[in-house]
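Residue 46 is where the sequence shown starts when you use this note's numbering, and the numbers rise one by one after that.
Idealized CB from N, CA, C, for every residue including glycine.
Bear in mind that the values here come from a model prediction, so they are computed numbers and not experimental data.
Data block below; observations after.
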Amino acid sequence: MKDRTKELFATELERMLAQMPLAKVRVCDLCERCGAGRQTFYYHFRDKYDVVAWIFERDYRLAEAAVGAADAQAVVANALERMWSRRDFYRAAFTDKSQNSISEYIQEFDVRLMGGILAHHLGIEVDELSEWQLFAIKHHSYGSIGCTLEWLRGDIVITPAELARWEFDRLPGFMREAYGLDA
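Right, dumping it as structure tokens:
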């Protein structure tokens, strides 16, 4: 039931973004269109940006489930395919530059994911990673997100698999090792 309610809000938000920018979406209007009270919305989400983040995470989880988490590049390629199939939504979400923007959320998601993979590989806790390692992960993530946005806009014309390969080819050496790419 909980996921169905989240899906309802997510689906309606996607419809709204086809008609207006995210900045113009009001939670009360989203609730009205879903036939739900604001209390129901806030039980599931902090704000409209949290819905956008939930949609991204759902797409990523579905990509992992579709190909298996062991092949990280295939997961990213599948996630990019999902983003491309719903590129109108993602383009609209990426145009918002607020503090809670999808760009910022994906950046944090990416850094948490890669930091966790590296820490596991090294047998340490995430908070034990060096400043340099975190900087290199963030640097790679910023570049990947920027290129993904250009790709979603149609400025870069390649397939999702090619974009995923491009991103993995440019990982810092220690991350390539953590992913088992240079074995």
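Taking 4 residues as the minimum length, the alpha helix (DSSP H) runs contained wholly in the region 55 to 125 are 72 to 79, 83 to 89, 93 to 112, in order along the chain. Between the region 56 to 69 and the region 131 to 139 there are three or more inter-stretch CB-CB distances shorter than 8 Å, so the stretches are counted as touching. Rounded to the nearest whole angstrom, the C-alpha separation of W211 and A124 is 15 Å. In the structure shown, Y224 adopts coil according to DSSP, grouped into three states. For A164, the closest alpha carbon among the candidates T85, S186, A63, M220 is that of M220. Scanning H166, E207, R131, G160 for the CA closest to the CA of D172 turns up G160.
The residues V120, in chain order, have a CB closer than 6 Å to that of E109 in the same chain once the five nearest residues on each side in sequence are set aside. For the pair K51 and W99, the CB atoms are nearer than the 8 Å cut-off.
DSSP places E195 in the uninterrupted alpha helix (DSSP H) bounded by 176 to 198.
When secondary structure is reduced to three states using DSSP, G168 falls in the coil class, being assigned neither helix nor strand.
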